[in-house]
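Chains as they are written, first to last, in our numbering: chain A, 6 to 347; chain B, 6 to 347. We put the CB at the ideal spot given by N, CA and C, even for glycine. Keep in mind it's a predicted model, so treat the numbers as computed, not measured. Here the structure comes first, spelled out in structure tokens, and everything after it is commentary.
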DNA sequence: TTGTATGCGTTATCAG
DNA sequence: CTGATAACGCATACAA
């Protein structure tokens, strides 16, 4: 049987209130008594029940994280970092993978468990987009997001626009002018805009047949999406000498497709991705990409969220925190090549 | 303000007990009353408070999952599948990544939150191995594991021994006799034994200089470990024509190292991995590996755990459930080659 | 069929 | 400094 505060009180021959004081570090207990209590706690292996505590304090010390899935290294790392950050501040994390059929059930459990706040990243599947955001806001549950999601929500995100522009400029500097883009709704508009801006600045007209934007829940399989889209591009005999994939998995899938079609990367086609997942450095060829400062972003969202949680009455402005990201040049983009004409 | 059961009762002009009956589907409420209650619930956006419910029921409907990290696709997928499985049965999952410095804090929070059960997979960092297992057992918290961890714990695992034997036999059939092995403490002994068995059956003596076993917490960076170990192997001028990496990331790291040393895979060295993470199929060359039936394994652990949770008095034998796994042959192992002699 | 009363483990408010 | 005791939100035995 699990020991309760009463058991400890009995064991130490004090009242439950005294035990509570000791447990919570409220310093008005005589040293002597305190030690007796501590001893009893240890002897009985007492651990305070968070549920009971939550009832009166109206704080569960729990926050929810909603991500599309965990099998994408980007979100996995985000989740890890956020958990680390939260635990050090005394909070527990509940992760919801919203990409599955059970998304609604999972998110509902956040409500039932009265999380103190929610961190949102990426889109939620199978539900009208703003639905849950509305729900959290109505309930006054502090909400922050990673990536732009809603204008009234404090959010932290990377500067997709400028970094993808830089990345595409790098491709242009390598001598490429026919540059394809493969993105999707869930990779956001910023990266595509950066691509367009870079071309505009270099006065290269955009060939719309080279711009591909998947609409769907390819979120579960970016690599597959990249693979198929590249196969199409090749099948349609599009002319291009470089590809900007809106994330690394898309880029990897595309490289696979290129190689199967007998095209070499970077010799025939230069490729760049986005996010700098670990695999980007490990892939063969290693992939030129943009590194997101995930650790810092995690620290930043957590700080913003906790601030909101712990001073709920304050003005608590909606903030938009943008992080610069850095282009990482690797093998996949840096080689002289003859170009690909089909 | 969040609506409570009292608010609903007042709104519907019934007692709290009646509301509770409706909420819990206890069918002794007149249809008429029931509808009034349902209406009030909807109007007030009432969601029952799990903390309060947990207090009386002594069940939190929460289970903890302890994995080393999430940025390894294997564990990420496991976590996803387990969550899906649990949520459908009305449970919520709390994921602990035990590979970080904060491991103890995280696991402690499972205790504080009174999880109904725990699923354990992989090793826990920074703590004497059995410490937490002991703790859970002492507290009679139902515990199951993925992979062999403790003989008194029900566990589900893949048949590493036989599948890795099959895999190595495949390498032998391809004409390799000098086969290196790179594993680590955290990949378990089974895979190494399978390797040794395959060699024994083929009457190939084991060259111990080709067997590498990292002792440490390389768990965070299998690929890096594979990379460095392969670099060593090459630097030491070891003779081998094939490599069995105890998981796919190790294999990928090793391939990277081989390529940097000017060796081609599979032309000069054949490589095989283990787990069949998504990247195994996407890598270039695609990687021969062993596919773990993660979905089925997840279903199986969850079933076993919930059985233990929901009939805690029953005999509840310790069970060992073994799943067969299948060898997946891909590019990295299938090619005629000249062999590598340094 | 519905309502009343009690207790779950904790903290906070008062007395002492 | 320490001890009683009243909440917190809910489920349930018992009463009506």
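Beta-carbon spacing of residue i, residue j below 8 Å
i: residue 169 of chain B; j: residue 195 of chain B; result: yes
i: residue 284 of chain B; j: residue 85 of chain B; result: no
i: residue 123 of chain B; j: residue 110 of chain B; result: no
i: residue 199 of chain A; j: residue 226 of chain A; result: no
i: residue 52 of chain B; j: residue 96 of chain B; result: no
i: residue 145 of chain B; j: residue 73 of chain B; result: no
i: residue 268 of chain B; j: residue 276 of chain B; result: no
i: residue 158 of chain A; j: residue 138 of chain A; result: yes
i: residue 292 of chain A; j: residue 337 of chain A; result: yes
i: residue 303 of chain A; j: residue 49 of chain A; result: no
i: residue 103 of chain A; j: residue 71 of chain A; result: yes
i: residue 252 of chain B; j: residue 219 of chain B; result: no
i: residue 147 of chain A; j: residue 313 of chain A; result: yes
i: residue 307 of chain A; j: residue 112 of chain A; result: no
i: residue 247 of chain A; j: residue 181 of chain A; result: yes
Alpha carbon of residue i to alpha carbon of residue j, nearest angstrom
i: residue 119 of chain A; j: residue 311 of chain B; result: 24 Å
i: residue 106 of chain B; j: residue 262 of chain B; result: 29 Å
i: residue 186 of chain B; j: residue 31 of chain A; result: 57 Å
i: residue 204 of chain A; j: residue 174 of chain A; result: 8 Å
i: residue 344 of chain A; j: residue 80 of chain B; result: Its pLDDT being 43, under 50, residue 344 of chain A is placed unreliably by the model, and the measurement read from it follows with that caveat. Those two C-alpha atoms are separated by around 41 Å.
i: residue 334 of chain A; j: residue 140 of chain A; result: 42 Å
i: residue 143 of chain B; j: residue 98 of chain B; result: 22 Å
i: residue 65 of chain A; j: residue 8 of chain A; result: 21 Å
i: residue 57 of chain A; j: residue 10 of chain A; result: 11 Å
i: residue 16 of chain B; j: residue 46 of chain B; result: 9 Å
i: residue 325 of chain B; j: residue 290 of chain A; result: 42 Å
i: residue 62 of chain B; j: residue 55 of chain B; result: 10 Å
i: residue 153 of chain A; j: residue 287 of chain A; result: 30 Å
i: residue 190 of chain B; j: residue 259 of chain B; result: 17 Å
i: residue 18 of chain A; j: residue 76 of chain A; result: 52 Å
i: residue 235 of chain B; j: residue 242 of chain B; result: 11 Å
i: residue 327 of chain A; j: residue 90 of chain A; result: 19 Å
i: residue 100 of chain A; j: residue 125 of chain A; result: 10 Å
i: residue 212 of chain B; j: residue 323 of chain B; result: 38 Å
i: residue 24 of chain A; j: residue 35 of chain A; result: 12 Å
Endpoints, the alpha helix (DSSP H) within which residue i is located
i: residue 128 of chain B; result: No alpha helix (DSSP H) contains residue 128 of chain B, which DSSP labels as neither H nor E.
i: residue 62 of chain B; result: 55-62
i: residue 137 of chain B; result: 136-143
i: residue 195 of chain A; result: 195-206
i: residue 51 of chain B; result: Residue 51 of chain B -> no alpha helix (DSSP H), and no H or E assigned at all.
Range of the contiguous beta strand (DSSP E) that encloses residue i
i: residue 328 of chain B; result: 325-328
i: residue 249 of chain A; result: 247-250
i: residue 8 of chain B; result: First-last for residue 8 of chain B: undefined, no H or E at that position.
i: residue 267 of chain B; result: Note, residue 267 of chain B: premise wrong, no beta strand (DSSP E); not H, not E.
i: residue 70 of chain B; result: 67-72
i: residue 292 of chain A; result: Looking at the DSSP string, residue 292 of chain A is not in any beta strand (DSSP E), and its letter there is neither H nor E.
i: residue 99 of chain A; result: 97-102
Status (buried if at least 16 other CB within 10 Å, exposed otherwise) for residue i
i: residue 331 of chain A; result: exposed
i: residue 149 of chain B; result: buried
i: residue 6 of chain A; result: exposed
i: residue 237 of chain A; result: exposed
i: residue 44 of chain B; result: exposed
i: residue 22 of chain B; result: exposed
i: residue 135 of chain A; result: exposed
i: residue 29 of chain B; result: exposed
i: residue 108 of chain B; result: buried
i: residue 93 of chain B; result: exposed
i: residue 270 of chain A; result: buried
i: residue 192 of chain B; result: buried
i: residue 294 of chain A; result: buried
i: residue 178 of chain A; result: exposed
i: residue 315 of chain A; result: exposed
i: residue 347 of chain A; result: Legend: pLDDT at residue 347 of chain A = 36, less than 50; position of this residue unreliable, value from coordinates given subsequently. Flag for residue 347 of chain A reads exposed.
i: residue 59 of chain B; result: buried
i: residue 342 of chain A; result: Confidence at residue 342 of chain A is low in this model, with a pLDDT of 48, below 50, so the placement of that residue should be treated as unreliable; the coordinate-derived value is given next. Its Cβ being crowded by 16 or more others within 10 Å, residue 342 of chain A is buried.
Residues within the segment 69-98 of chain A neighbouring chain B, beta-carbon criterion of under 7 Å: Per Cβ criterion, the list reads 74, 75, 76, 78, 81, 82, 84, 85, 88, 89, 92, 93, 97.
Interface positions of the segment 112-123 of chain A facing chain B (Cβ-Cβ less than 7 Å), listed along the chain: So the list reads 114, 116, 117, 118, 119, given in the order they occur along the chain.
Contact set between the segment 291-325 of chain B and chain A, restricted to residues whose Cβ is under 9 Å from the partner: Residues 291.
Within 8 Å of chain B by C-beta, residues of the segment 43-59 of chain A in sequence order: Taking 8 Å as the upper bound on Cβ-Cβ separation, chain B lies near residues 50, 52, 53, 54, 55, 56, 57, 59 of the segment 43-59 of chain A.
Residues of the segment 255-270 of chain B whose Cβ lies closer than 8 Å to any Cβ of chain A, in chain order: Within the segment 255-270 of chain B, the residues whose Cβ lies closer than 8 Å to some Cβ of chain A are 257, 258, 260, 261, 264, listed in chain order.
Contacting positions in the segment 158-189 of chain B - beta carbon closer than 8 Å to chain A: Of all residues in the segment 158-189 of chain B, none comes within less than 8 Å of chain A when Cβ atoms are compared.
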